[in-house]
Amino acid sequence: MKDPTGNWISQPPSHEPIVAEDGTVHNLDEYICIPSSSEFEDKSAAIQRHKLGVVVTEENFEGFFSLV
Numbered sequence: 001m002k003d004p005t006g007n008w009i010s011q012p013p014s015h016e017p018i019v020a021e022d023g024t025v026h027n028l029d030e031y032i033c034i035p036s037s038s039e040f041e042d043k044s045a046a047i048q049r050h051k052l053g054v055v056v057t058e059e060n061f062e063g064f065f066s067l068v
């Protein structure tokens with residue numbers, strides 16, 4: 001984080017960054033941008049294509065188990 005004048009509040013950690021098994025170093029955007037199931041025509045393909053899954057409504061939740 002930076003202070004109001006743009007200076008870093010503290011130094012970065014001395015350890016190496018955490019790296020996922022697939023080599024990804026920064027994947028926060030993937031968690032922030034999880035798509036809604038209503039955005040897709042083929043919901044079964046959407047589940048398989050998005051490694052973090054999709055957001056479903058309570059009404060569609062039970063039906064998604066038949067797609068997995």
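Under the UniProt record's numbering, the residue at position 5 of the sequence shown is numbered 5, and the numbers go up by one with no gaps.
Ideal placement from N, C-alpha and C gives every residue a C-beta, glycine not left out.
The same chain holds no residue with a CB closer than 7 Å to that of residue 63 once the five nearest residues on each side in sequence are set aside. Pairing residue 18 with residue 65, the inter-Cα distance amounts to about 33 Å. In the DSSP assignment, residue 29 falls within the alpha helix (DSSP H) that extends over 28 to 32. A direct Cα-to-Cα measurement between residue 24 and residue 4 gives close to 30 Å.
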